[in-house]
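Visitor:
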Amino acid sequence: MAYQMHKISVLVVEDNLPMLEITKSLLLTFGVGHVITAQNGEIGYKRFCETNPDIVIADWMMRPVDGISLTRMIRTDHRSPNPYVPVILMTGFSEKRRVFQARDAGVTEFLVKPFNARDLYKRLVQVIERPRQFVKAEDFFGPDRRRRSRGPYDGPMRRETDFSNPLSREALMAQQEEAQKNLARIREQSGLKKGDKFELNINPNDIDMV
1 MAYQMHKISV LVVEDNLPML EITKSLLLTF GVGHVITAQN GEIGYKRFCE TNPDIVIADW
61 MMRPVDGISL TRMIRTDHRS PNPYVPVILM TGFSEKRRVF QARDAGVTEF LVKPFNARDL
121 YKRLVQVIER PRQFVKAEDF FGPDRRRRSR GPYDGPMRRE TDFSNPLSRE ALMAQQEEAQ
181 KNLARIREQS GLKKGDKFEL NINPNDIDMV
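Read in the UniProt record's numbering, the sequence shown has 146 at position 146, and its numbers run on one by one without any break.
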């Protein structure tokens, strides 16, 4: 199906100006309606708080604030307007330990450089079509680090002992409901309806990004 990308806003945070411009151009080619840019994580977080975008795409290696730190700020800082926003991390690192580090920081999807237009588009579709449940634990807050189908989700924490306090359960269920509302809003804006399947109906010509 064709997505209504013109209703989606995306923040791109990348300190390499040519890469920033290429990523922005690709997003506009996909039909994304509003692309906000920033050249480091510090400015990126400021723009995030100002604009509250639907999706964030950030590079890992930046100064003074890198993509991992930016993601943690988005997830846990009290000033964050939306801790549930999908975050796609761009990086040249593909080792498992790097992937685990990104997941532990609350990253939603991982995009390894160099990538092409199709890769980027698929990541956008993944955060729309297959949103991750959010998990809140003592040492982690972010998208579920496992991607697999489950039955009805009974709150953001899954151990029975996590629900011994009814007030804690109520608060956590409220957070989960808010996360679901945010993800549903992105799906609605993109024109995705329940049961719809993804079709790559653009012709990006597999543009390599280096």
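From the three backbone atoms N, C-alpha and C, an ideal C-beta is built for every residue, glycine too.
1. Along the chain, where does the alpha helix (DSSP H) containing S25 start, and where does it finish?
2. Going by the DSSP bridge assignment, what does I57 pair with across the sheet?
3. If you measure between the beta carbons of I68 and V127, is that distance less than 8 angstroms?
4. If I measure Cβ to Cβ from M5 and keep anything under 7 angstroms in the same chain, skipping five residues before and after, which residues do I get?
5. Would you identify the three-state DSSP class for Q4, choosing helix, strand or coil?
6. Hey, out of T76, P18, I8, whose CA is closest to A105's CA?
7. List, from N- to C-terminal side, the alpha helix (DSSP H) runs of 4 residues or more that fit wholly inside the region 57–81.
8. Taking the alpha-carbon positions, what's the Y121 to H78 distance?
9. With a 10 Å radius around its C-beta and 16 neighbouring C-beta atoms as the bar for buried, classify R63 as buried or exposed.
10. Along the chain, where does the alpha helix (DSSP H) containing F115 start, and where does it finish?
11. Apart from the five residues just before and just after R72, which ones in its own chain have a Cβ nearer than 7 angstroms to its Cβ?
12. Just mark E14 as buried or exposed, buried being the case when its beta carbon has 16 or more other beta carbons within 10 Å.
13. According to DSSP, is V125 helix, strand or coil?
14. Can you look up T108 in the DSSP assignment and give me helix, strand or coil?
15. So F48 is in the alpha helix (DSSP H); what residue range does that whole segment cover?
16. Check each candidate in I8, P18, Y45, Q39 and name the one with the smallest Cα separation from L28.
17. Let me confirm a value: P53 is counted as buried when at least 16 other C-beta atoms fall within 10 Å, else exposed. Which label applies?
Guide: Let me spell this out:
1. In the DSSP assignment, S25 falls within the unbroken alpha helix (DSSP H) covering 17–30.
2. According to DSSP, residue pairing for I57 in a beta bridge involves V12, I88.
3. No, the pair does not count as a contact, with Cβ atoms beyond the cut-off.
4. Result list for M5: F30, G31, V32, G33, S190, in chain order.
5. Looking at Q4 - three-state DSSP - the assignment turns out to be coil, as it is neither helix nor strand.
6. When only C-alpha atoms are compared, the closest one is T76.
7. Complete alpha helix (DSSP H) runs here, min 4: 67–76.
8. Rounded to the nearest angstrom, the gap between the Cα atoms of Y121 and H78 is 31 angstroms.
9. With fewer than 16 other beta carbons inside 10 angstroms of its own, R63 counts as exposed.
10. F115 -> no alpha helix (DSSP H), and no H or E assigned at all.
11. Here the set comprises A105, G106.
12. Buried, by the Cβ-count rule.
13. Assignment of V125 by DSSP, reduced to helix, strand and coil, places it in the helix class.
14. Coil.
15. Segment 41–51, the alpha helix (DSSP H) holding F48.
16. When each option's Cα is compared against that of L28, the closest is I8.
17. Label assigned to P53: buried.
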